[in-house]
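Engineer: Got a structure here, written out as structure tokens. Questions coming.
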Amino acid sequence: MTRRLPAAQLPPWLEAMLPAGIERYRIDVGGRLMAFMEIGQGRPVVMVHGNPTWGFLYRRVAQALAGDDMRLIMPDLLGLGLSDRIEIDEHTVSNHVRWLRLGLDALELDRMVVVVQDWGGPIGVLAACDARAHLDAMVVMNTGFGPPKKDLKPTLFHRISHLPVVSEILFRGLGFPQIGLGMAQGDRSSIRGKVSRAYRYPLRDRRTNNAPLALARMVPNHPDHPSIPQLRRSQEELESFAGPVALVWGTRDPILGRLIHRLKRQRPDARVTETEAGHFLQEEVPGEIAEAIRWAVAESA
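The sequence shown begins at 3 in my numbering and counts up one residue at a time.
Structural data, given as structure tokens:
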């Protein structure tokens, strides 16, 4: 049995925002500690976040699934949330896939459903496909699989991340993008006050908050970008996956909202739920996400 290590302490105001009864712990993944939150018993459902968030992003989904026969597992990618910090050049798709796969294997799951968003999409799907546990179903939200189209223009967010000096000041010095997550929402008031503070909290140390910038730079901006082979593999895994797939999309996402059409082509058989939410749709439509998870669990029973 894998040894679970104590979780990092949280301030009382933040601990109080998590679902009652949630378990927090850390697991060694190749010499680094990955933080997990877990609640419930039953079918394992692994919910993977992206940039610049952490497992806290899924708390409202977990609350919507309270009482269901599910074991909800929310890891923090290394460099984010309460997981160990890493060097900026260690942030690669391959590394994040390997670390998450080690974490999933350590949980000794027999089978699982994976729920993914943002960078959690390709990272979570590849880690789940590589893990020892059988992958039963996928719920996919506001993410992308495969290399970008040749004529796809990077967003302003991603162009800024490659600017020398400016990107370091903006991302590491000023705390971008976590200081303005509400700007990516359909309802901008969905991330403000204590919720906004909870996303900023793990990245408050400017000496170690390199992950948001590194993950922004992981998005390809030229044909030979090192992320492309793994993104291509993630598309192959998504398209060849034999189990049920549900898409839940925030169409008002200024970053990835437009990719819903690509995902529909990649999985024409998917159950599709389009919403008026933005990028971090877990904050806006947790009920719709919970329904998609219930469907995926039932369809893969």
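A virtual CB, placed ideally from N, CA and C, is assigned to each residue, including glycine. Note that the coordinates shown come from a computational prediction; the quantities given were computed from them, not determined experimentally.
Let's see if you can read the secondary structure: which residues bound the alpha helix (DSSP H) around Pro124?
Structural biologist: Your numbering for residue 124 matches position 122 in the sequence shown. Here the alpha helix (DSSP H) through Pro124 covers Gly122 to Asp132.
Engineer: Less than 7 Å between C-beta atoms, sequence neighbours within five positions excluded: which residues of the same chain meet that for Arg219?
Structural biologist: By one-based count along the sequence shown, residue 219 stands at place 217. The residues are Ser163 and His164.
Engineer: Which residues bound the beta strand (DSSP E) around Leu137?
Structural biologist: Here residue 137 is taken as the residue at index 135 of the sequence shown, counted from 1. His136 to Met143 is the span of the beta strand (DSSP E), which, as asked, contains Leu137.
Engineer: Grouping DSSP H, G and I as helix and E and B as strand, with all else coil, what is Phe282?
Structural biologist: Looking up residue 282 in the sequence shown gives position 280. In this structure, Phe282 counts as coil in the three-state DSSP scheme.
Engineer: Looking only at C-alpha atoms, which of Glu286, Arg61, Ala22 and Asp78 sits nearest to Ala10?
Structural biologist: Here residue 10 is taken as the residue at index 8 of the sequence shown, counted from 1. Cα-wise, what sits closest to Ala10 is Asp78.
Engineer: For Met19, does the count of other Cβ atoms within 10 angstroms reach 16, so buried, or fall short, so exposed?
Structural biologist: Sequence index remark: in the sequence shown, residue 19 carries index 17 (1-based). When all chains shown are included, Met19 counts as exposed.
Engineer: Over what stretch of residues does the beta strand (DSSP E) that includes Pro14 continue unbroken?
Structural biologist: On the sequence shown, position 12 is the one that residue 14 refers to. It is not in any beta strand (DSSP E) - Pro14 instead sits in the alpha helix (DSSP H) that spans Pro14 to Glu17.
Engineer: State the Cα-Cα distance for the pair Val167 and Gly126, rounded to the nearest angstrom.
Structural biologist: Sequence index remark: in the sequence shown, residue 167 carries index 165 (1-based). Sequence index remark: in the sequence shown, residue 126 carries index 124 (1-based). When rounded, the distance between both Cα atoms is 31 Å.
Engineer: Assuming Ala300 and Val287 form a contact by the criterion Cβ under 8 Å, report the distance between their Cβ atoms to the nearest whole angstrom.
Structural biologist: As a first step, residue 300 is located in the sequence shown; it is residue number 298 there, counting from the start. As a first step, residue 287 is located in the sequence shown; it is residue number 285 there, counting from the start. Not confirmed; about 20 Å, so no contact.
Engineer: For Met39, collect the residues of the same chain with a Cβ closer than 6 Å to its Cβ; drop the 5 residues on either side in sequence, then sort them by chain order.
Structural biologist: In the sequence shown, residue 39 corresponds to position 37, counting from 1. For Met39, where only same-chain residues beyond five positions count, the Cβ hits under 6 Å are Ile24, Arg26, Gly57 and Met76.
Engineer: Using CA atoms only, rank isn't needed, just tell me which of Arg254, Trp101 and Gly122 is closest to Arg190.
Structural biologist: Numbered from its first residue, the sequence shown carries residue 190 at position 188. Arg190 has its Cα closest to that of Arg254, out of Arg254, Trp101 and Gly122.
Engineer: Who are Phe38's beta bridge partners in DSSP?
Structural biologist: Position 36 of the sequence shown holds residue 38. Tyr27 and Pro77, per the DSSP bridge assignment.
Engineer: By DSSP, does Leu172 sit in helix, in strand, or in coil?
Structural biologist: Translated into the one-based positions of the sequence shown, residue 172 becomes position 170. Three-state DSSP puts Leu172 in a helix.
Engineer: Taking the beta strand (DSSP E) that Glu276 falls in, what are its first and last residues?
Structural biologist: Taking the sequence shown and counting its residues from 1, the one referred to as residue 276 is at position 274. Note, Glu276: beta strand (DSSP E), Arg273 to Thr277.
Engineer: Report the rounded CA-to-CA distance for Leu283 versus Gly33, giving the unit in angstroms.
Structural biologist: Residue 283 sits at position 281 when you count from the first residue of the sequence shown. Residue 33 sits at position 31 when you count from the first residue of the sequence shown. Cα-Cα distance, rounded: 33 Å.
Engineer: Bridge partners of Gln119, per DSSP?
Structural biologist: Mapped onto the sequence shown, residue 119 falls at position 117. According to DSSP, which records beta bridges pairwise, Gln119 is partnered with Met143.
Engineer: By Cβ distance below 8 Å, which residues in the same chain neighbour Tyr222 in space, the five residues on each side in sequence not counted?
Structural biologist: The count along the sequence shown starts at 1 and reaches residue 222 at position 220. According to the sequence shown, residue 222 is Pro rather than Tyr. Here the set comprises Pro149, Pro150, Ser229, Ile230 and Leu233.
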